[in-house]
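Single-structure report; data block below.
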Amino acid sequence: MITLTVNGKPREIEREMTIPEFLAAHGVNPETVAVAVNGEVVAKERWPGVTLRAGDAVEVVRMVGGG
Amino acid sequence: MITLTVNGKPREIEREMTIPEFLAAHGVNPETVAVAVNGEVVAKERWPGVTLRAGDAVEVVRMVGGG
Amino acid sequence: MITLTVNGKPREIEREMTIPEFLAAHGVNPETVAVAVNGEVVAKERWPGVTLRAGDAVEVVRMVGGG
Amino acid sequence: MITLTVNGKPREIEREMTIPEFLAAHGVNPETVAVAVNGEVVAKERWPGVTLRAGDAVEVVRMVGGG
Amino acid sequence: MKDDSASGTNDYLEIAGKRFRSRLMLGTGKYRSPEETVAALEASGAEIVTVAIRRLDLDNPNAKTELDYIDWSKYTILPNTAGCRTVDEALMTARLARSVTGSNWIKLEVIPDPKYLLPDPVGTLEAARQLLDEGFVVLPYMHADPILARHLEEAGCATVMPLGSAIGSGQGILTIDEIRIIVENTGVPVVVDAGLGAPSDAALAMEIGADAVLINTAVAKAQDPVRMAAAMRLGVEAGRAAYLAGRIPRKPFASASSPEEGVVRV
Amino acid sequence: MKDDSASGTNDYLEIAGKRFRSRLMLGTGKYRSPEETVAALEASGAEIVTVAIRRLDLDNPNAKTELDYIDWSKYTILPNTAGCRTVDEALMTARLARSVTGSNWIKLEVIPDPKYLLPDPVGTLEAARQLLDEGFVVLPYMHADPILARHLEEAGCATVMPLGSAIGSGQGILTIDEIRIIVENTGVPVVVDAGLGAPSDAALAMEIGADAVLINTAVAKAQDPVRMAAAMRLGVEAGRAAYLAGRIPRKPFASASSPEEGVVRV
Amino acid sequence: MKDDSASGTNDYLEIAGKRFRSRLMLGTGKYRSPEETVAALEASGAEIVTVAIRRLDLDNPNAKTELDYIDWSKYTILPNTAGCRTVDEALMTARLARSVTGSNWIKLEVIPDPKYLLPDPVGTLEAARQLLDEGFVVLPYMHADPILARHLEEAGCATVMPLGSAIGSGQGILTIDEIRIIVENTGVPVVVDAGLGAPSDAALAMEIGADAVLINTAVAKAQDPVRMAAAMRLGVEAGRAAYLAGRIPRKPFASASSPEEGVVRV
Amino acid sequence: MKDDSASGTNDYLEIAGKRFRSRLMLGTGKYRSPEETVAALEASGAEIVTVAIRRLDLDNPNAKTELDYIDWSKYTILPNTAGCRTVDEALMTARLARSVTGSNWIKLEVIPDPKYLLPDPVGTLEAARQLLDEGFVVLPYMHADPILARHLEEAGCATVMPLGSAIGSGQGILTIDEIRIIVENTGVPVVVDAGLGAPSDAALAMEIGADAVLINTAVAKAQDPVRMAAAMRLGVEAGRAAYLAGRIPRKPFASASSPEEGVVRV
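Chains as they are written, first to last, in numbering that gives the first Met the number 0: chain A, 0 to 66; chain B, 0 to 66; chain C, 0 to 66; chain D, 0 to 66; chain E, 0 to 265; chain F, 0 to 265; chain G, 0 to 265; chain H, 0 to 265.
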């Protein structure tokens with residue numbers, strides 16, 4: 000088990016994994032989100048090459064209603 | 000010649016005449032006007048019976064653009 | 000006992016009395032009030048001559064703070 | 000004769016001179032003005048040591064009514 | 000107004016038993032040409048159209064006016080007593096108006112002052128009572144005085160027509176609080192008349208619950224009167240729809256339109 | 000908008016080279032249901048629609064939102080940075096927005112104060128410059144400060160978006176003189192954002208020459224949001240048409256709409 | 000007011016032949032204590048003081064009121080007909096007021112509606128005419144209707160007292176244009192009554208040419224009524240002095256207060 | 000101000016550790032004569048007086064100005080950077096001002112636009128930071144932008160000076176909501192500058208909690224500047240006293256000032 004900070008809160012995951020793996024593990028539709036790791040937004044085409052490691056700060060966001 | 004006051008100004012006419020005669024003498028389309036004599040509005044159906052006499056005060060009005 | 004309407008409400012007094020007597024009977028300072036009887040204001044100099052009788056409508060008013 | 004730019008306009012003076020000399024030559028009361036040379040304000044106590052040379056840009060200002 | 004209008008199909012203005020889809024009354028004064036008058040009327044969608052009554056020039060009795068170009072079968076004509084300074088002048092003009100138009104509707108104006116053109120509350124009420132006795136349908140122009148509105152309604156007037164601001168000034172609605180009170184307390188239609196300068200003014204009148212507006216100068220004297228007439232129509236429809244839709248209250252403070260939770264923090 | 004619209008067929012709003020017929024941008028926050036959101040969007044005629052960017056709840060990642068019901072092929076999406084208090088938060092949110100929407104348009108908001116929700120002039124300009132460097136099309140929300148508008152335009156922003164009054168307050172346009180100056184001096188479209196409460200406010204913004212308005216709370220929180228959306232559309236169209244038609248000037252005095260000559264005197 | 004006052008030594012308010020230095024009339028209702036009432040009157044500098052007429056409680060006829068603490072030799076007493084809904088109630092109250100105060104001055108109020116407390120234009124004029132016949136000096140409270148003001152002046156009223164806004168509301172002067180017209184056209188003193196909430200309101204009334212103001216709630220219900228009374232006095236004096244000094248016109252554009260020439264350029 | 004003043008004996012304005020009794024700052028531009036300038040200063044009671052810095056005419060170096068007639072021992076001099084369009088011009092002018100006046104106080108103005116004379120938020124902040132580094136006491140003129148006020152306060156400015164409306168326009172306070180927010184959130188004195196036209200404007204600024212006002216054109220260009228100066232003094236004192244006294248809240252409805260019970264009914 001390793002611990003990330005996801006959306007501002009600690010979250011444990013089984014092991015290091017790539018962004019697509021992380022999203023799949025959480026049942027997230029990758030079409031609808033954007034991801035940043037350690038303050039940098041990761042373009043979708045680069046997701047498979049980015050592995051989340053212990054201590055990483057991850058943001059996963061979506062669109063919601065707003066004005 | 001007799002003198003009426005028509006629309007606030009003196010106006011001479013040849014002789015005493017009824018309202019339709021007066022309007023016709025001036026080339027006025029009777030459909031488009033209303034007439035008052037000495038402060039009383041005369042309904043159109045009563046025009047033929049009203050004779051204008053010297054000194055009568057006559058108003059002949061029409062609609063114009065207004066707000 | 001007779002009944003007056005004083006300031007909109009019924010009020011019993013012992014007997015017919017003049018306005019000064021009425022005010023004195025109620026402990027009212029006559030300097031500070033005005034009196035109307037049956038819809039007519041009674042000037043102060045006329046008070047002694049006005050007797051309040053059964054059924055009379057009496058108003059007794061004073062100044063109060065107002066704007 | 001040398002040429003300075005004083006208050007944005009060319010002005011000829013006889014020779015190089017210090018700020019107090021320049022002000023005196025123009026009849027200016029030194030109490031009421033401030034002076035900048037080539038974009039730097041010169042404190043009054045330093046005026047005697049500053050010589051105005053050809054091409055110098057000089058500002059001489061005073062207070063006026065304003066809001 | 001089409002069936003799919005923003006105000007809905009069953010939204011009528013009713014005056015003296017007569018129903019109208021349009022809530023914009025239009026005046027016919029001050030246009031640059033008869034063609035503009037006709038086209039502006041058309042663009043406005045107005046169903047009630049005001050006219051004035053004036054002495055005929057007997058030396059030139061057949062001079063055409065803008066009114067000769069209007070197809071009156073399409074409109075309800077509403078003659079006014081504009082220019083009348085006294086009760087007597089207004090009564091006479093109203094009676095002449097009835098004779099010339101054949102209609103007993105009258106927009107009553109009693110305006111003693113030629114500079115500020117403000118209506119006389121006492122004279123207007125007196126003239127209204129007399130005209131109502133004579134069988135007129137009276138739509139009185141008035142200062143935005145709620146108690147006067149009550150008197151006029153109690154006398155039997157078909158509407159009340161409070162002013163928004165000085166006639167022809169284009170200042171909009173400076174009497175907004177009074178008109179709100181009139182709307183709240185009046186059973187007959189409230190028609191805001193005078194001072195409206197732009198669709199925003201017309202929309203505002205409708206938003207606060209007025210039943211209709213009457214406009215003349217703001218259309219006739221616009222640079223493009225026909226387009227302005229269309230704009231006013233849209234403004235009135237917008238305001239009416241907003242009134243029916245129930246606007247948000249004005250609040251003295253801010254509130255976010257996007258969610259406050261879940262913002263990305265750095 | 001139909002060909003016979005009051006604004007004419009060739010009247011476009013153009014932002015960053017893209018043309019729009021509608022001048023009403025609509026927000027998607029605060030509606031009571033997804034159905035209302037979709038229907039209000041439809042009724043408004045909006046072509047540009049704003050959304051916010053928020054953290055996904057990873058414990059409930061597939062919860063549907065109102066946005067899942069919208070057919071995005073019909074709209075230009077405009078994500079905002081609402082809720083961001085600092086330049087860094089706004090930059091991060093903008094970049095995430097680009098990643099999630101695939102569009103480089105961003106409505107930039109840097110709002111340090113959670114109570115009054117007023118934008119930071121200095122921070123907004125700094126963030127705008129950075130985002131422009133990164134290739135964004137930046138539409139900055141701002142105080143109605145004409146000099147700040149100039150800075151933002153000179154930096155390369157695609158529009159300026161001055162506020163009318165406190166966001167969500169429904170107070171209308173309290174900054175009317177400033178917005179007039181911004182309109183006069185600005186080459187990019189001026190979009191009045193925040194505070195509009197009713198169609199009269201939207202019409203007024205357009206009448207003074209604004210190019211568009213952005214509305215959210217006034218529609219979403221109306222009693223009948225769909226009808227209010229239609230009303231706002233009409234108000235914007237009315238105001239635009241009036242701007243093109245050239246309104247009468249406001250005058251401090253009255254002028255009669257009926258002829259002053261020829262009144263019947265008694 | 001001292002000889003070196005900002006308004007000058009020869010500036011009097013004259014009503015029915017009586018001269019006053021103070022242009023602030025003060026009401027005596029709603030104070031928290033008699034001591035506050037007396038001290039506020041003193042601090043205000045008022046010379047004309049209003050009171051109401053009410054039925055005596057015969058079961059407690061000697062209960063002291065705030066009025067018992069006032070030295071009436073210092074003030075001109077102005078009883079009102081507040082609370083009267085009809086002409087008849089106002090007439091009766093005015094006659095009783097004359098009897099109890101020994102003065103024939105009356106502030107006439109005919110207010111049919113207990114919610115909005117707006118005066119009846121028709122009833123007020125009718126009551127004024129009757130009271131003038133009976134020898135009263137009549138100061139009528141009225142809507143800010145310039146034509147009504149003319150009727151009241153022509154009837155012989157000693158002043159006109161148009162309202163600024165709803166009584167007790169503290170909203171200030173919402174009727175500013177109407178009051179300007181009344182000032183321009185009226186020969187008797189114009190006293191702005193009702194709605195003034197702060198010295199800025201009182202000053203504004205005086206700046207536009209009103210001859211005096213009447214204030215009650217804004218002083219009585221201030222947190223510190225005595226200091227507010229002093230503040231109102233200063234506000235009235237400030238506004239009067241400014242009226243006499245001739246203010247600059249309002250302009251829609253800026254103009255520099257420092258010289259435009261001679262700026263240091265870099 | 001006397002000991003028995005309406006504001007009380009312990010009410011001081013404190014700027015950069017210096018205490019003042021007067022809350023009215025007066026400008027010295029645009030008077031008709033030096034005598035008027037001196038007399039107006041005297042009548043105003045001002046303790047802080049602004050001046051501009053301008054190039055000397057070397058061909059006429061001893062021409063007297065109005066300032067030569069002022070006894071400067073009585074006033075705190077506050078030079079401004081009026082007319083400066085850029086940060087560099089403002090910095091240079093400030094430094095020259097310090098040299099000529101011997102004081103390190105500066106009223107900072109960075110105004111790029113000669114037509115609307117609106118201050119540059121970004122340039123003003125940049126110049127303020129530089130001048131603060133150089134030891135100046137900076138009083139920045141600014142748009143009424145609450146977030147900018149916060150930046151200026153955090154930078155170390157001695158006051159903030161938000162504008163009421165366009166300088167010299169006499170339009171009064173059009174930025175009232177923003178100034179309220181600035182007052183609520185700012186620890187340094189808030190001085191309302193620009194646009195005040197009459198004592199009612201000055202009083203209003205003080206009533207909403209401003210610490211002082213700065214006036215020039217409204218006094219200098221009044222028909223009688225000396226009397227207007229006295230009027231402004233009274234207006235400021237009135238507004239300050241009212242602020243301390245705690246005004247009644249504005250309410251949207253009426254409430255009677257006379258008792259509702261005990262009215263004589265007929």
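Note that beta-carbon positions come from the ideal geometry of N, C-alpha and C, so glycine has one too. Values in this document were obtained by computation on a predicted structure and should not be read as measured data.
Buried/exposed call for residue i, threshold 16 Cβ in 10 Å
{"i": "tryptophan 71/G", "result": "exposed"}
{"i": "methionine 0/B", "result": "exposed"}
{"i": "aspartate 3/E", "result": "Note on aspartate 3/E: pLDDT 49, under 50, position unreliable in the model; the coordinate value appears next. With fewer than 16 Cβ atoms within 10 Å of its Cβ, aspartate 3/E is classed as exposed."}
{"i": "glycine 16/G", "result": "exposed"}
{"i": "lysine 106/F", "result": "buried"}
{"i": "proline 47/B", "result": "exposed"}
{"i": "lysine 1/F", "result": "Confidence at lysine 1/F is low in this model, with a pLDDT of 40, below 50, so the placement of that residue is unreliable and no value is reported for it."}
{"i": "serine 32/F", "result": "exposed"}
{"i": "proline 145/H", "result": "buried"}
{"i": "glutamate 206/H", "result": "buried"}
{"i": "proline 113/F", "result": "exposed"}
{"i": "alanine 51/G", "result": "buried"}
{"i": "proline 251/G", "result": "exposed"}
Cut-off 7 Å between Cβ atoms - residues of its own chain near residue i, not counting five sequence neighbours on either side
{"i": "glycine 134/F", "result": "Asn103"}
{"i": "glycine 155/G", "result": "Leu131"}
{"i": "asparagine 6/B", "result": "Glu58, Val59"}
{"i": "proline 19/C", "result": "Pro29, Trp46, Pro47"}
Simplified DSSP state of residue i, which is helix, strand or coil
{"i": "leucine 25/E", "result": "strand"}
{"i": "glycine 64/D", "result": "strand"}
{"i": "glutamate 259/G", "result": "coil"}
{"i": "lysine 8/D", "result": "strand"}
{"i": "threonine 49/F", "result": "strand"}
{"i": "valine 59/B", "result": "strand"}
{"i": "methionine 227/G", "result": "helix"}
{"i": "leucine 116/G", "result": "coil"}
{"i": "glutamate 177/G", "result": "helix"}
{"i": "threonine 2/D", "result": "strand"}
{"i": "valine 159/G", "result": "strand"}
Residue i CB to nearest heavy atom of the ligand SAM below 7 Å
{"i": "methionine 91/G", "result": "Ligands displayed in this structure: none; no statement on the ligand SAM is therefore possible."}
Close-in-space but distant-in-sequence residues of the same chain around residue i (CB under 8 Å, 5 per side omitted)
{"i": "lysine 29/H", "result": "Asn215, Thr216, Ala219, Lys220"}
{"i": "isoleucine 69/G", "result": "Thr27, Thr36, Val37, Leu40, Val48"}
Chain-order list of residues whose beta-carbon lies under 6 Å from that of residue i (same chain, five-residue window excluded)
{"i": "arginine 179/H", "result": "Ile207"}
Problem - Sufficient close CB pairs (3 or more, under 8 Å) joining the segment 243-260 of chain G to the segment 159-169 of chain H - result: The segment 243-260 of chain G and the segment 159-169 of chain H touch, with no fewer than 3 CB-CB distances between them shorter than 8 Å.
Exercise for the section: Give the residues from the segment 243-259 of chain F that approach chain B closer than 7 Å (Cβ to any Cβ), ordered along the chain. Expected result: Within the segment 243-259 of chain F, Ser256, Ser257, Pro258 place their CB atoms closer than 7 Å to a CB of chain B, listed in sequence order.
Exercise for the section: Could you please tell me which residues of the segment 46-77 of chain H, in chain order, have their CB closer than 9 Å to any CB of chain G? Expected result: Under the 9 Å Cβ criterion, the segment 46-77 of chain H contributes Thr49, Val50, Ala51, Ile52, Arg53, Arg54, Leu55, Asp56.
Exercise for the section: Evaluate the contact criterion for the segment 178-188 of chain E versus the segment 214-231 of chain E: three or more CB pairs, one atom per stretch, below 8 Å. Expected result: The segment 178-188 of chain E, when compared against the segment 214-231 of chain E, does not touch it at the 8 Å Cβ threshold.
Exercise for the section: Tell me, please, whether the segment 45-61 of chain E touches the segment 9-29 of chain E by the rule of three or more beta-carbon pairs shorter than 8 Å. Expected result: These segments touch.
Handout entry: Residues of the segment 122-151 of chain H with Cβ closer than 7 Å to any Cβ of chain F, in chain order
Key = Hits within the stretch, in order: Leu124, His142, Asp144, Pro145, Ile146, Leu147, His150.
Practice task
Flag this pair as touching only if the segment 83-101 of chain F and the segment 33-40 of chain A have three or more C-beta atom pairs under 8 Å; answer yes or no.
Solution key: Contact between the segment 83-101 of chain F and the segment 33-40 of chain A is present, because at least three Cβ pairs lie under 8 Å.
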